[in-house]
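Q:
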Amino acid sequence: MIDYAIPVTTTPTRNRFQRINYRKAFFVALKYVVLVVVTLIIFAPGATAVLGGIRTTGEFLADPFGLPGEAGFQWQNFERILSSPDFWNSLKNSALITAGVTILGVFFSSCLAFAFSRMQFVGKGTVFNILSFGLLFPLVVATLPIFIQVRQLGLINSLWGVILPMVAFGLPGSVVILRGFFTAIPTELEDAAYIDGCSTLGFFRFILLPMARPAIAAVATLQVISGWNEYFLALLVLNDPKLWPLPLGIMQFQGQFGTDWAGIMAYVTILIIPALLFYVFTQRFIVTGLTGGELKG
17 MIDYAIPVTT TPTRNRFQRI NYRKAFFVAL KYVVLVVVTL IIFAPGATAV LGGIRTTGEF
77 LADPFGLPGE AGFQWQNFER ILSSPDFWNS LKNSALITAG VTILGVFFSS CLAFAFSRMQ
137 FVGKGTVFNI LSFGLLFPLV VATLPIFIQV RQLGLINSLW GVILPMVAFG LPGSVVILRG
197 FFTAIPTELE DAAYIDGCST LGFFRFILLP MARPAIAAVA TLQVISGWNE YFLALLVLND
257 PKLWPLPLGI MQFQGQFGTD WAGIMAYVTI LIIPALLFYV FTQRFIVTGL TGGELKG
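To convert, note that position 228 of the sequence shown is 244 in the numbering used here; the numbers rise steadily by one, no gaps.
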């Protein structure tokens, strides 16, 4: 009679598995610790603005992260800003800059991406590489050339002096995103459209653009956030306070002998709320557009 023995896990093997489990648990815990720390760092400025906006300047300077004291919530900081005509004028300027940057950026980037993805011409790769090279240079690097060109064009103290440079420096990233999406669309679809009598412009307008809505939405979302938060270029070009967008409106709280920090924090809170809400409702378009979700399969 044959005796079949059931193998028993040895102690060294169990110890090895335990070490692996401990090591895995350690790295998982470390990952969550890092995520929590990074999240706190990201939300700290916003929390500081909110807490500062509902307190007095003295309370904010004494404890930037503290809660309202005996004076209670200082809602008059927000009421003073919302009742100011300068705030609504700055809001109008920010809306115009954001709309101009978004519309022109999406239009020119989609046209360029179509040319680089669907058309054949001499030097296409070289021109695209030169355009992509612009990703390495942020707008702040070209401050002096931009100011000289804007002044020569007579766009100082004009919203176009802010819109056009932002559109130009936003093109490289937008074209790279849209070109990848346009390239993923099957060429058989384009051939079928031409066989049915569709022109090149008709294919771009009626077939390619509707199919690329996720990528276009992603580009538009990034342009809206960029235009809404622009500060440095507006400070460089716009000298007339009546043309200041919302980010520059903070300077109205800086006096000759002091600074209304509570008013600044309330102003910053009002400024970040629309951008935050916009990103919360549109971040799915960014993810879908950058990954090309609707074209998979």
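Quick reminder that beta carbons are idealized off the backbone N, C-alpha and C, glycines included.
Are the Cβ atoms of P154 and F185 separated by less than 9 Å?
A: Yes, Cβ-Cβ distance for P154 and F185 is below 9 Å.
Q: In this structure, does DSSP put T275 in helix, strand or coil?
A: Three-state DSSP puts T275 in a strand.
Q: Residue range of the alpha helix (DSSP H) that N245 falls in?
A: From DSSP, the alpha helix (DSSP H) with N245 extends over R229 to N245.
Q: Which of helix, strand or coil does DSSP assign to M281?
A: In this structure, M281 counts as helix in the three-state DSSP scheme.
Q: Can you tell me which of G279, T159, I201 and P290 puts its alpha carbon nearest to the alpha carbon of S100?
A: With distances taken between Cα atoms, S100 lies closest to G279.
Q: So what's M267 in DSSP terms, helix, strand or just coil?
A: Of the three classes helix, strand and coil, the one that applies to M267 here is helix, per DSSP.
Q: Taking Q92 as part of the alpha helix (DSSP H), name the residues at either end of that continuous run.
A: It spans Q92 to L98 - the alpha helix (DSSP H) in which Q92 sits, taken as one unbroken run.
Q: Could you compute how far the alpha carbon of D276 sits from the alpha carbon of N245?
A: Their backbone Cα atoms lie some 21 Å apart in a straight line.
Q: Is V156 buried or exposed, if buried means 16 or more other CB atoms sit within 10 Å of its CB?
A: Looking at its Cβ environment, which holds fewer than 16 other Cβ atoms inside 10 Å, V156 is exposed.
Q: Could you have a look at M135 and say whether DSSP puts it in helix, strand or coil?
A: In the structure shown, M135 sits in coil (DSSP, three-state: anything other than H, G, I, E or B).
Q: For I286, tell me which candidate among V52, V117, I70 and L238 has the shortest Cα-Cα distance.
A: If we check each option's Cα against that of I286, I70 comes out closest.
Q: In angstroms with no decimal places, state the Cα-to-Cα distance between G177 and I97.
A: Spanning the two alpha carbons is a distance of roughly 27 Å.
Q: Beta-carbon within less than 6 Å of F132's beta-carbon, same chain only, minus the 5 sequence neighbours each way: which residues are those?
A: Contacts found: F144 and R195.
Q: Closest to E95 by C-alpha separation, out of A282, F297, T73 and F248, would be which residue?
A: The option with the nearest alpha carbon to E95 is A282.
Q: Under 7 Å Cβ to Cβ from F76, same chain only, skipping five residues before and after it: list those, please.
A: Only G68, W277, A278 and M281 meet the Cβ criterion.
Q: So F198 and L238 are in contact, right, with Cβ under 8 Å, and what is the actual spacing, rounded?
A: That pair is no contact at about 17 Å.
Q: Go ahead and label F248 buried or exposed: buried means 16 or more other beta carbons lie within 10 angstroms of its beta carbon, across all protein chains shown.
A: The residue in question, F248, is exposed, as its Cβ has fewer than 16 Cβ neighbours within 10 Å.
Q: With H, G and I counted as helix, E and B as strand and the rest as coil, what does DSSP make of I58?
A: Note: I58 maps to helix in three-state DSSP.
Q: Any contact between the segment 292-304 and the segment 71-91? By contact I mean 3 or more CB pairs, one from each, below 8 Å.
A: No, they do not touch.
Q: Using three-state DSSP, classify R221 as helix, strand or coil.
A: Three-state DSSP puts R221 in a helix.
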